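Reviewing the structure listed below.
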Amino acid sequence: MENDPVNVNEFQELARQALPKMYYDYISGGAEDQFTLKENMEAFQRIMLRPRVLVDVSKIDMSTTLLGYNMSSPIMVAPTGAQKLAHPDGELATAKAAAACNTIMVLSFASSYTIEEVASTCNAVRFFQLYVYKRRDVSAKLVQQAESNGFRAIVVTVDTPRLGRREADIKNNLIIPKMKNLEGLLSLDVNVKGGSNLEAFASETLDPSLSWKDIGWLKSITNLPILMKGILTAEDAMKAVEAGVSGIVVSNHGARQLDYAPATISVLEEVVKAVSGAVPVLLDGGVRRGTDVFKALALGAKAVMIGRPVVYGLAAKGEYGARRVIEMLQNELELTMALAGCPSIKDITRSHVCTKQDMLR
Ligand code: FNR
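Residues in the sequence shown are numbered consecutively from 5, following my numbering.
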């Protein structure tokens, strides 16, 4: 296509041009000072690569597996809600893009198309992200729908007992369209006199009493493996393993929840060490380059997920844009592996990265 961006960051500007300010701000923004938003990306820039030369890199194999499912590369699609804001085809386009790239999409609980509609786009391995509501029956119902529509895992988001303070949304009086999955299950009308209607809706629905003991409840309502999204410390990672999860996602919700939470890449190794191989550890937040993916793998991630870049691709060019974003990152990872002397994913090790500080010692 003409005027194709050459990297993922260029899609952001196209998205900005394509979207009303209220929606662009919702997608791109973070919480409060947006310190963590910047830090998510800058922390990657403090990590340097330690390439090895004279390795046969004539064939690069990026393929990997997660929970036994094959993926063409360790780059997955993070759950992002209300994708119709970005493009009328929303999650349907994203699902097709992820399938075309042979990777796993995590569908958001707050999607603008239903679980059934997304499942019927095409055959592919998909996971379902869960928010636990005060109305446990509503959350349970969606888990069951995901299970009966062939989704293969539940990704429970645990960093959102309440919605983070996203000041752009408050200023813009954000209006989020109704969430399709929830129609008929609970009242979607919220009374807002200005401010963000998402914040008002979240404060009515999200269950701030959710705690470790409730993971037993979640396990009791599904046979699917459960991944826990939103872990940032060794302490919680160990509790998650004890609670019997099948995977951990190191995530700060794209810096949209607790500002001054650490950049995900800076705590990945702590979590990986605490988990010591018991379950796979994924990471999301600030991944914009193939080198970022490589760095996360070197620090022990099994795979990464990308949030905003896919939504920017979708906003700019629909399904094609979402697919290009994934492909670009895959291509960049492939080149990084070649230039760093790692022909396969298992060849990427801790010794392929160091921090700027390490180099001065
Ligand atoms: C999100 N994220 C998110 N997470 C989640 O568990 N459920 C959700 O519905 C949403 N919705 C959502 C909407 C938008 C517009 C964004 C940008 C993010 C967080 C998401 O899954 C992921 O953690 C971050 O987006 C990762 O950071 P990057 O890749 O956006 O930097």
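Every residue, glycine too, gets a C-beta built ideally from N, C-alpha and C. Quick caveat: nothing in here was measured; it's all calculated off a predicted structure.
Who does residue i pair with in a DSSP beta bridge?
| i | result |
| --- | --- |
| asparagine 74 | Thr69 |
| tyrosine 135 | DSSP lists no partner for tyrosine 135. |
| leucine 287 | Val254 and Val308 |
| methionine 109 | Val81 and Arg130 |
| threonine 161 | Lys233 |
| methionine 52 | Cys358 |
| serine 348 | Asp65 |
What's the C-alpha gap between residue i and residue j?
| i | j | result |
| --- | --- | --- |
| glutamate 46 | arginine 292 | 11 Å |
| arginine 139 | tyrosine 73 | 32 Å |
| glutamine 49 | glutamate 239 | 26 Å |
| valine 283 | glycine 199 | 41 Å |
| aspartate 163 | serine 62 | 42 Å |
| glycine 234 | valine 285 | 11 Å |
| alanine 103 | alanine 300 | 23 Å |
| isoleucine 352 | valine 314 | 25 Å |
| alanine 90 | phenylalanine 298 | 28 Å |
| lysine 184 | glutamine 38 | 29 Å |
| asparagine 153 | glutamate 120 | 6 Å |
| valine 194 | alanine 247 | 35 Å |
| lysine 182 | valine 329 | 27 Å |
| valine 279 | cysteine 126 | 35 Å |
| methionine 26 | phenylalanine 15 | 18 Å |
| leucine 192 | methionine 242 | 37 Å |
| glycine 294 | alanine 86 | 27 Å |
How about residue i and residue j: do their beta carbons lie closer than 8 Å?
| i | j | result |
| --- | --- | --- |
| leucine 222 | asparagine 201 | no |
| isoleucine 158 | leucine 134 | yes |
| glycine 289 | glycine 322 | no |
| threonine 40 | alanine 267 | yes |
| valine 142 | leucine 111 | no |
| arginine 156 | leucine 228 | yes |
| leucine 337 | glycine 304 | no |
| valine 275 | valine 254 | yes |
| isoleucine 416 | proline 347 | A query on residue 416 cannot be resolved here, the shown segment of the chain reaching from 5 to 365 and no further. |
| isoleucine 230 | valine 160 | yes |
For my contact list, residue i and residue j are in at a C-beta cut-off of 8 Å; report their separation, rounded to the angstrom.
| i | j | result |
| --- | --- | --- |
| serine 77 | glutamine 361 | No, serine 77 and glutamine 361 are not in contact; Cβ-Cβ is about 30 Å, not under 8 Å. |
| leucine 210 | arginine 166 | 6 Å |
| alanine 99 | alanine 128 | 7 Å |
| cysteine 358 | arginine 54 | 6 Å |
| glutamate 171 | glutamate 36 | 7 Å |
Which complete beta strand (DSSP E) runs does the segment 206–285 hold, if anything under 3 residues is left out?
Qualifying beta strand (DSSP E) stretches, in chain order: 230–235 and 251–254.
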